Structures are given as structure tokens and as C-alpha cells.
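Read the structure below first, then the notes.
2 protein chains.
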Amino acid sequence: MDLSQHIRERGLKATPSRISVMKVLESDHRAYAHADLETIFSTMDRVTLYRVLNDFEETGLVHKVIDMDGVTRFAYCKHSCPDTHHADEHVHFNCQVCRKMFCLENMPAPSFNIPKGFKAMGQNVLVFGLCKSCSAA
Amino acid sequence: MDLSQHIRERGLKATPSRISVMKVLESDHRAYAHADLETIFSTMDRVTLYRVLNDFEETGLVHKVIDMDGVTRFAYCKHSCPDTHHADEHVHFNCQVCRKMFCLENMPAPSFNIPKGFKAMGQNVLVFGLCKSCSAA
DNA sequence: ACTTAAATACAACAATGTTGCGTTTAAATT
DNA sequence: AATTTAAACGCAACATTGTTGTATTTAAGT
Chain A
12 MDLSQHIRER
22 GLKATPSRIS
32 VMKVLESDHR
42 AYAHADLETI
52 FSTMDRVTLY
62 RVLNDFEETG
72 LVHKVIDMDG
82 VTRFAYCKHS
92 CPDTHHADEH
102 VHFNCQVCRK
112 MFCLENMPAP
122 SFNIPKGFKA
132 MGQNVLVFGL
142 CKSCSAA
Chain B
12 MDLSQHIRER
22 GLKATPSRIS
32 VMKVLESDHR
42 AYAHADLETI
52 FSTMDRVTLY
62 RVLNDFEETG
72 LVHKVIDMDG
82 VTRFAYCKHS
92 CPDTHHADEH
102 VHFNCQVCRK
112 MFCLENMPAP
122 SFNIPKGFKA
132 MGQNVLVFGL
142 CKSCSAA
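As given, the protein sequences belong to chains A and B, one line each in that order.
The letter at position 137 of the first sequence is residue 148 when you use the working numbering, and the numbering goes up by one with no holes.
The letter at position 51 of the second sequence is residue 62 when you use the working numbering, and the numbering goes up by one with no holes.
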């Protein structure tokens, strides 16, 4: 699959920064924090990285989740998502030891029976504990 | 109910700061951000307020949730919670307009069937959308 | 190769949260 | 009621996460 093409399809220019960030996100369906990617791409400008991630999110290329520490994380959208709604809303798992966040792709977020008067637009379902490698150690 | 007594029962000193913060939290089972309380108690030191909230959380007087914006919020524990585990883990609702966060006390967080190898310790279940007053307006 | 809107780099700023330390105070003891 | 002391407070400094403004550069269409 051509990453440049994938990016351009959403109306964004396929710049080197975007292509390399997308390559990481696409290779591993984990939710990455800005700080993670800043470590990987040590020469990339902080602000550019923030904007790359926000642009990806706004065009539906990635989805956004808040982790246990209140930090925003971004994960590749396996299914193409429209700009407005992310079809693949699933449960995320956040490890308390290594702090990694995993997309549980085949575990859709349940729909809740919210009290009358409230209007639900989406949800953020986060389970925390120990991931595979950390519970083994 | 005596708030001072309630605070002392958890091994904390019943100081004026703690009593007044607890009074607000206890009066309305909503999850308050540090910023909300700083507005209410404009003379209270920022750091003291952070420490009051963290102490309450560590002793099980309140529970902690992360909101849509990644901001930590604290809500009164209706049921007494042991230090380690909060028995009243329920769904929270975060309004996208007024940003208020509501405890849906009678909606327990579901237990998820996490993949083999992962060890779940707890969850943060957040539904967002429009609250009663904001969807009416 | 030219053009232009989009993207980048850099500086400055804002919000949230933490740490260290000297001073004050709640509450137990005398 | 006075004394004691660990706990809590107030203040300064700092760390991290994230945003905004603007001049410069570049992807990609003409």
C-alpha cells in the first residue's frame, strides 16, 4: 500500500514528515504519544509533529485516545474513517508498567444506556493493568 | 454528616482547606477539575489544592477520572472505598459544550474480556456528548 | 519552470502538574 | 492550658504537554 497516496487521498500533502510518521503508525496498531514519536524522530520539529498528528486525526487517518496520564495518543485507523466519526471505536489497553497503549481492535466499545436528556456522541473506553510482556516479567 | 470526622477517619488532618474542598465535592457528585476548584477558592494556594486532591484520592475519599481534554478530575466517593480499589467504578459522562463531567453512579463500568496475557486492574469509561442542560439549549 | 496554497521551523506563550524547602498548624501528649 | 511534632501549607522554581503567530519553504497543480 502506498502511504503517500493514502495521505493525499485525504486532501493532505504527502510531505516527508507525514510519510515517516504514518509509516510508524501504520506498522504497529498501538496508540503513540507525541513524546514517543519525538524520540523516534529526534530531528523533527515538535510543533510540526503536533500538527502532523492533529491533521491526521482531523482527516480520519488516525484516531485519538487519552491515556491514563491524560496524554493524547494517536493510533492508525485500520478501517477508513469518515472525517466526522471513527467507525473503529474499540477498547484500548494501557499498561501501568511500560505505559504502552494497545488497540484491542476486535473488542468494540459497548454502547451505554445513558440517562434521559443526555446525548451520547462517542466514548473513550480504557482498561489499564499489565500488558503481555510486563505481566510475564 | 461531619466532614472533619470523615477526613480524619482516613488518617488526614481536618484542615480548613480540606474541609471546604470536601464540602464542595460532597455536595454534588460531579467530577471537578483543579481549575474548577481554583475558581471557587480563589485565595487557596494552587499547590495546596493539588495536594488536597491527591491526598483525598490516595486515601479513597474521592476517585479520579481523566476527562476528554486529558485533565484530571476528582469526584466524591459515595461508597467508602478502600485505599487500593474504588468500589464505585462507574461510567462518567463528559459534556462537549459546558465540559462538565457527571458521575453516572448507577451505571457500573462493564468488565471486559481482555486478551490472554493482559491483566486488567481497572478501567476508565467515559461517554461524551451533550449533557441535559446543553442538549436542551 | 512557474505559481500558490499548504506545510514547516522557530519563538513565544499557556495550562496542567510536580518538587523542594522553610514556616505554620492540627491534634496528640504532658 | 502549654508543649510537642509530624503533617500540612505557602512560595518559588521547574517539567511536561500543548497552542498560536509568523516568516520561510515546499508539494503538487498549471
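Quick reminder that beta carbons are idealized off the backbone N, C-alpha and C, glycines included.
Predicted model, so just to flag it, every value in this text is computed and none were measured.
Exercise. Determine the closest residue to A:Glu68 out of A:Met55, A:Ala86, A:Ile77, with distance taken between C-alpha atoms.
Key: For the purposes of this step, residue 68 of chain A is taken as the residue at position 57 of the first sequence. Ranking A:Met55, A:Ala86, A:Ile77 by Cα distance to A:Glu68 puts A:Ala86 first.
Quiz item: Quick one: Cα of B:Lys111 to Cα of A:Arg84, how far?
Solution: As a working note, residue 111 of chain B is residue 100 in the second sequence. As a working note, residue 84 of chain A is residue 73 in the first sequence. Distance between the alpha carbons of B:Lys111 and A:Arg84 is about 22 Å.
Quiz item: Which residues of chain A have a Cβ atom closer than 9 Å to the Cβ of B:Met132, listed in chain order?
Solution: Indexing the second sequence from 1 puts residue 132 of chain B at position 121. Per Cβ cutoff of 9 Å: Gln107, Val138, Phe139, Gly140, Leu141.
Self-check item: Terminal residues of the beta strand (DSSP E) in which A:Pro119 lies
Solution: To locate residue 119 of chain A, count along the first sequence from 1; it is residue 108. Its beta strand (DSSP E) spans residues 112-119.
Quiz item: What are the boundary residues of the beta strand (DSSP E) that A:Met79 is part of?
Solution: As a first step, residue 79 of chain A must be located in the first sequence, where it is residue number 68. Element bounds for A:Met79: n/a, residue is neither H nor E.
Exercise. For the stretch 15-42 of chain B, enumerate the residues whose C-beta is nearer than 7 Å to any C-beta of chain A, in chain order.
Key: none
Self-check item: Segment contact flag, the stretch 141-148 of chain B with the stretch 126-140 of chain A, C-beta cutoff 8 Å, min 3 pairs
Solution: Output reads yes: the stretch 126-140 of chain A touches the stretch 141-148 of chain B.
Quiz item: Is B:Leu72 helix, strand or coil by DSSP?
Solution: Indexing the second sequence from 1 puts residue 72 of chain B at position 61. Of the three classes helix, strand and coil, the one that applies to B:Leu72 here is coil, per DSSP.
Practice problem: Take every Cβ of the stretch 70-85 of chain A, pair it with every Cβ of the stretch 33-46 of chain A, and state whether three or more of those distances are shorter than 8 Å. | Solution: yes
Quiz item: Which residues of chain B have a Cβ atom closer than 7 Å to the Cβ of A:Thr83, listed in chain order?
Solution: As a working mapping, residue 83 of chain A is identified with position 72 in the first sequence. In chain order: Gly81.
Quiz item: Taking the continuous beta strand (DSSP E) assigned at A:Cys106, which residues delimit it?
Solution: The residue given as residue 106 of chain A occupies position 95 in the first sequence. Run containing A:Cys106: 101-106, per the beta strand (DSSP E) assignment.
Quiz item: Considering A:Lys143, what are the terminal residues of the alpha helix (DSSP H) in which it resides?
Solution: As a position in the first sequence, residue 143 of chain A is number 132, starting the count at 1. 143-147 is the extent of the alpha helix (DSSP H) around A:Lys143.
Quiz item: From B:Phe123 to B:Asn135, what distance separates their C-alpha atoms?
Solution: Within the second sequence, residue 123 of chain B is the residue found at index 112, counting from 1. Within the second sequence, residue 135 of chain B is the residue found at index 124, counting from 1. Taking the straight line joining both Cα atoms gives about 12 Å.
Quiz item: Quick one: what's got a C-beta closer than 7 Å to B:Ala5's C-beta in the same chain, skipping five residues either side?
Solution: Residue coverage of chain B in this structure runs from 12 to 148, which leaves residue 5 of chain B outside it and unanswerable.
Quiz item: Which residues in the same chain have their Cβ closer than 6 Å to the Cβ of B:Leu64, if we skip the five residues on either side of it in sequence?
Solution: Counted from its first residue, the second sequence places residue 64 of chain B at position 53. Hits under 6 Å: Phe85.
Quiz item: Would you say B:Val73 and B:Cys88 are within 9 Å of each other, going by their C-beta atoms?
Solution: Taking the first residue of the second sequence as position 1, residue 73 of chain B is located at position 62. Taking the first residue of the second sequence as position 1, residue 88 of chain B is located at position 77. Against a cut-off of 9 Å, the Cβ pair of B:Cys88 and B:Val73 comes out as a contact.
Practice problem: Below 6 Å CB to CB, which residues in the same chain sit around A:Met79 once its five sequence neighbours on both sides are set aside? | Solution: For the purposes of this step, residue 79 of chain A is identified with residue 68 of the first sequence, where counting begins at 1. For A:Met79, where only same-chain residues beyond five positions count, the Cβ hits under 6 Å are Asn105, Phe139.
Self-check item: Of the residues A:Val58, A:Glu116, A:Gly22, the one placed nearest A:Asp39, counting alpha carbons only
Solution: Residue numbering aside, residue 39 of chain A sits at position 28 when the first sequence is read from its first letter. Selected option, being the one with the closest Cα: A:Glu116.
Self-check item: Start and end residues, alpha helix (DSSP H) containing A:Thr50
Solution: On the first sequence, residue 50 of chain A is found 39 positions in, with the first residue counted as 1. Where A:Thr50 is concerned, the enclosing alpha helix (DSSP H) stretches over 45-51.
Quiz item: Comparing the C-beta of B:Phe123 with each C-beta of chain A, is any distance below 9 Å?
Solution: Position 112 of the second sequence, counting from 1, holds the residue named residue 123 of chain B. Output row for B:Phe123: interface = yes.
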